[in-house]
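Residue numbers (my numbering): 811 to 1152.
Don't be surprised by glycine CBs; every beta carbon is placed ideally from N, CA and C.
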């Protein structure tokens, strides 16, 4: 009992020392130089503001536009891929690509793919019209992401018209390019599987795990690009975009895996929604993915608020002249009252 009480007193003393630490990251030039006490401040504020600023409502809007975009995007990519590949190979590779989606959503995407590949849209004009429709819906999705980023980063100004559409188009095209590269990678995996000698399951599983790790890394890079360029502000340095991207990637993978297990073993959406069950599953998965995206952005904002150093690109500027709300402010409690008053 004495040993247990000693451990408790030690832990309590450590917590008090961390809580009352004089430096909480005000001079940090990158997130990794913020001390433990500062990170605790950041995590507490991130949790509180997630609910205070209704991030789940923003995630619902992103998920709605993502749903309108995903199905035609997958069909358009399948049509383009089908121009240079055998239809059976297209069906096999697309089935592998959508494995990451929970089971109910896979049913919907597979049905739409089968319909799209079997329709007359496989000609050049049909494929072109499908691509144009996809680009339009993808631009709406990208603009919803940009609007959400501006709200999370507390940016009230609107970017110029050309820049707004250029960033939206870049987000949309990057998403389509990511899916196309993933599809080519899956096709390459199939080729590697065929040339591997029998009796090498360990090597094959290692290659598959490595491939999906690369896809996760690509998703993380996508999060970083969104955090840097989507908000209408002076660009944050890459080091201040990285923590949120890492957190968003981990949360997205965990949410996808966990929700997939839940749908496969416990959920009975078909009993409540009938033929709409696949739509609901896909919508919920997109909502969880959007929450992960916004939580990563919220974490980045709180990290920038934790330091008084300039977090934007270019020559260092004083507080109030950096062109970014998160960079121009320091959260209360980080600096002393005298420094905040100054």
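Buried or exposed for residue i, going by 16 or more other Cβ atoms inside 10 Å?
i            : result
residue 1051 : buried
residue 1118 : buried
residue 1123 : exposed
residue 1019 : exposed
residue 1140 : buried
residue 965  : buried
residue 903  : buried
residue 991  : exposed
residue 1130 : exposed
residue 1068 : exposed
residue 849  : buried
residue 872  : buried
residue 887  : buried
residue 954  : buried
residue 857  : exposed
residue 968  : exposed
residue 838  : buried
residue 1057 : buried
residue 1146 : Summary for residue 1146: the model assigns pLDDT 40, below 50, so the residue's position carries little reliability; its value from the coordinates is reported in the next sentence. So residue 1146 counts as exposed.
residue 835  : buried
residue 1015 : exposed
residue 930  : At residue 930, the pLDDT of 46 sits below 50, so the modelled position is not reliable and the matter cannot be decided from this model.
First and last residue of the alpha helix (DSSP H) that includes residue i?
i            : result
residue 911  : First-last for residue 911: undefined, no H or E at that position.
residue 1125 : Here residue 1125 belongs to no alpha helix (DSSP H), and DSSP marks it neither H nor E.
residue 848  : 846 to 862
residue 1135 : 1135 to 1138
According to the Cβ coordinates, are residue i and residue j closer than 9 Å?
i            : j            : result
residue 1021 : residue 1059 : no
residue 908  : residue 916  : yes
residue 957  : residue 1100 : no
residue 1063 : residue 855  : no
residue 876  : residue 1096 : yes
residue 890  : residue 962  : no
residue 879  : residue 950  : yes
residue 1091 : residue 1073 : yes
residue 865  : residue 1061 : no
residue 983  : residue 945  : yes
residue 948  : residue 986  : yes
residue 1065 : residue 1106 : no
residue 1047 : residue 1121 : yes
residue 1036 : residue 959  : yes
residue 845  : residue 1053 : no
residue 988  : residue 1027 : no
residue 860  : residue 1108 : yes
residue 881  : residue 853  : no
residue 999  : residue 1085 : no
Against chain D, with Cβ distances strictly below 9 Å, would residue i count as a contact?
i            : result
residue 1064 : This model lacks chain D altogether; it includes just one protein chain.
May I have a chain-ordered list of the beta strand (DSSP E) segments no shorter than 3 residues that lie completely inside the segment 1068 to 1096? Qualifying beta strand (DSSP E) stretches: none in this window.
Unbroken alpha helix (DSSP H) runs of length 4 or more, entirely within the segment 945 to 1027: which are they? Runs found: 971 to 1005.
Would you check if the segment 1036 to 1045 and the segment 1120 to 1136 touch, i.e. whether three or more CB-CB distances between them fall below 8 Å? With a cut-off of 8 Å on Cβ pairs, the segment 1120 to 1136 is in contact with the segment 1036 to 1045, counting three or more such pairs.
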